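Chains as they are written, first to last, in my numbering: chain A, 20 to 588; chain B, 263 to 608.
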């Protein structure tokens, strides 16, 4: 077999080029995912001086109550967040998919709003509402914000849209014939809910639970702003690495942080495979019928979306007044960042540049790699390996990427059994390249899966047709494959951009003072007490993301109009 | 010299022989059908000829030149896939000319070529429509025109008509054959539809389980099948066991009589439009037999369980030298036992 492949490839430069390319992509994935992760693991089993210590670091960590308390704290936060967030999202998604209520479009978009904001924004708004000088606090309502309460509320807001999106898809995959059958058998609304609705979304529910748990377990932004003295793992890592330069202990915390993500990753892989088999071509979409309790569901959605909106409006309003809550005169002064930070508006510009480059380079890279993995016929092992590594980032919290990147790229050389190998990738450390790379890898898997799904839908014989017409493969790729996948490509561009704008966890370890990003500036200004300016910067991020989303929708509409002719199937 | 020579091709998937020592050749301009049940290896063979799969052993020669290891893009063939694989984002015109643009031919020549193609496949009125806006038959013709656009050395058709309904299929059979004859292009078509093969092909290669069962012109395949498999796969046939020898006869060749011949009882009668299909039981032989009688002959007198006599004209009897496949496939009349209990015992 292999000899034959070689014989054929000699005769076709295009095919050879593809093979070289897929190997390069695999090397890229190994260097930017596998090797840094290895460094992290190696670091966890060595002490500060670099000698091997086995599990001593773990032992030290767990025998030190000041450190291991964070594990309990983080677990508590994550459990509470998950239960509340999934419950809220479950009924929200249920209301939007199974009940006849008004304002559905409005509810749908409001629920997505937190996706456009860094998690610090929720924290900042909470401070304005319930903090030391918050409105409610001044009215005598003290919820004891700083600590667990504040973090949990922020995390609920942060995880709600994620859980909602997963459950929305789960609810949309339904077969109305089941409900018709139940009706003919005389089952009431509640019985239908328990016996049909809940079982039909069980995989979505499971997936939502794990996603919420992992996100709140690893989030850095909210605990940083409203955590107070309440230590969680994410802030611990930051303190260990940035504060004490204790990389070994940072790596230990990192590995603990990775555990729920690994479980979540496994569950997610299993459930996505199972859920898709639920729907058959004969399924009937859900039919809405007016029912007595409908108004209750409307009220429920209304309350939740108002709460979400309040958080955003408070942040906007507070950033536009002189001194909250004492002097409510409108002013733009908080948007002139020069007064509170020497870098001024530059972090925002940096963020836009980094996000734009990440999204364009990332999308091109991910799509071409997904194409080769899906369409190349030979090199099966390399393709499978590439596929596997491509979905690993799904399990990697940003903090892990950040610290493993320090540990790998900051090294000048590596020691292997006495040999010293210089690190040729060290040059990207401290440059924009490492920020872009961290973003691309951090957000690699979701666009990869999107691209993979889109490519799977494309007729397998197109490449063969082009062979028979002697058309070079790259031409078929550009003229057929790319146009047919244009919506997936657009989606990926937007996804990486929006997430790169809001993220803080990976890049907080990698930025330099020259390359400070907007989300990091939010943290710094909040730390420095310029909370209104922090809110202003967070608002700029949200505003940019919403604008990008609107532009995306407009372009998508234009593309749809153009492609409507051939997309009817 | 043969135009295309398939020499001893073998292909295994794991332990399964998809093709085993396949040999045949094509003359220039010939239309050959690869016919067989699904899983017989015919599509694999076509893909090997195209270069989309690699054989484990064996060679393929085009005009005497070994092309076994030549990349598909250098083989100069046109192909129509079962799914057509039309580019959905291109109009019929763009689909057909996509390959032409890649060739450095003069504008005039290209235009002449395009006009010729469109008139051949009769697509002028749908030139600027997208595949999704075309009927199944039109899509098929676009795929054919696209395959022919680059003046290929040979044409490969992979079940090109199987996605179409019966009426359109019949029409396109004729069109494809006419186009092929007009261009005198060597063509290999894969099909599982025996009628398609019989009506279109110059010669048919009947395949089963990766092996060639028979290669011949359609009439001889039908009238003189080389073995029981071919006899059974193409058309209907009765096998008659006579001691150790096996003879066979087509249902339409059996004569029916009221008084003389072999005694039989009517088991079942079926109206099939142009003819009646009778299932008879040969009382002496413990065997069922199928007989076709043109519906313009009155057989109103035949009721179930009625006694008739049949004659088997000697010149229509097929005798097989090679009985191997008979036992493999168990071609006996399966419902005989049922008949015995139901009818004969009463």
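Note that the Cβ used here is the ideal one computed from N, Cα and C, for glycine as well. Remember, predicted model here, so these are calculated numbers, not experimental data.
| query | result |
| --- | --- |
| Which listed residue (A:239, A:226, A:345) has its alpha carbon closest to that of residue 288 of chain A | A:226 |
| Contacts that residue 503 of chain A makes with chain B (C-beta to C-beta distance below 7 Å) | 350, 351 |
| According to DSSP, residues forming a beta bridge with residue 539 of chain B | B:532, B:554 |
| Cβ distance (whole Å) where residue 462 of chain A is taken to contact residue 381 of chain A below 8 Å | 7 Å |
| Cross-chain neighbours of residue 274 of chain A in chain B, by beta carbon under 7 Å | Those do not exist, as residue 274 of chain A stays about 42 Å from chain B at its closest Cβ, beyond 7 Å. |
| Enclosing beta strand (DSSP E) for residue 286 of chain B [first to last residue] | 278-288 |
| Own chain residues within Cβ distance below 7 Å of residue 613 of chain B, not counting five before or after | Outside the displayed span of chain B (263 to 608) sits residue 613 of chain B, for which this structure offers no information. |
| Residue environment, residue 262 of chain A, which counts as buried when at least 16 other CB atoms sit within 10 Å | exposed |
| C-beta contact flag for residue 297 of chain B and residue 466 of chain B at 8 Å | yes |
| Alpha helix (DSSP H) segments (min. 4 residues) lying fully within the region 313-348 of chain B | none |
| Continuous beta strand (DSSP E) stretch holding residue 573 of chain B: start and end | 569-573 |
| Chain B contacts made by the region 471-491 of chain A, where a contact means CB separation under 7 Å | 478, 480, 481, 483, 484, 486, 487, 488, 489, 490 |
| CA-to-CA distance, residue 131 of chain A to residue 209 of chain A, given in whole angstroms | 29 Å |
| Check whether residue 350 of chain A and residue 339 of chain A have beta carbons under 8 Å apart | yes |
| Contact between the region 116-128 of chain A and the region 301-319 of chain A (3+ Cβ pairs under 8 Å) | yes |
| For residue 41 of chain A and residue 397 of chain A, the rounded distance between their alpha carbons | 11 Å |
| Chain A within 8 Å of residue 360 of chain B, Cβ atoms only | yes |
| Between the CA atoms of residue 232 of chain A and residue 279 of chain A - distance to the nearest angstrom | 8 Å |
| Simplified DSSP state of residue 515 of chain B, which is helix, strand or coil | helix |
| For residue 554 of chain B, the nearest candidate out of B:569, B:544, B:531, B:455 (CA to CA) | B:531 |
| Nonlocal neighbours in the same chain, by C-beta distance under 7 Å from residue 475 of chain B, ignoring five residues either side | 468, 469, 488, 489, 491, 492 |
| Chain B within 8 Å of residue 27 of chain A, Cβ atoms only | Confidence in residue 27 of chain A is poor, its pLDDT being 43 and thus under 50, which makes the residue's placement unreliable; the coordinate value appears in the next sentence. Yes, its Cβ sits closer than 8 Å to a Cβ of chain B. |
| Proximity of residue 164 of chain A and residue 145 of chain A at Cβ, strictly below 8 Å | yes |
| CA-to-CA distance, residue 310 of chain B to residue 279 of chain B, given in whole angstroms | 14 Å |
| Residues from the region 334-348 of chain B in contact with chain A, defined by Cβ distance under 7 Å | 334, 335, 336, 339, 340, 341, 343, 345, 347 |
| For residue 580 of chain B, the three-state DSSP class (helix, strand or coil) | strand |
| Minimum Cβ-Cβ distance from residue 585 of chain A to chain C less than 8 Å | This model lacks chain C altogether; the protein chains it does include are A and B. |
| 8 Å Cβ cutoff, residue 392 of chain B in contact with chain A | yes |
| Contacting positions in the region 380-413 of chain B - beta carbon closer than 8 Å to chain A | 392, 393, 394, 395, 408, 409, 411, 412 |
| Under the three-state DSSP convention, the category residue 441 of chain A falls into | strand |
| 8 Å Cβ cutoff, residue 499 of chain A in contact with chain B | yes |
| Closest residue to residue 168 of chain A among A:242, A:147, A:128, A:421 (Cα-Cα distance) | A:242 |
| Runs of alpha helix (DSSP H) lying entirely within the region 409-468 of chain B, each at least 4 residues, in chain order | 428-445, 456-462 |
| Residue-level contact to chain A via CB, residue 423 of chain B, 8 Å cutoff | no |
| The region 366-377 of chain B contacting the region 325-338 of chain B, beta-carbon criterion three pairs below 8 Å | no |
| Any C-beta of chain A under 8 Å from that of residue 314 of chain B | yes |
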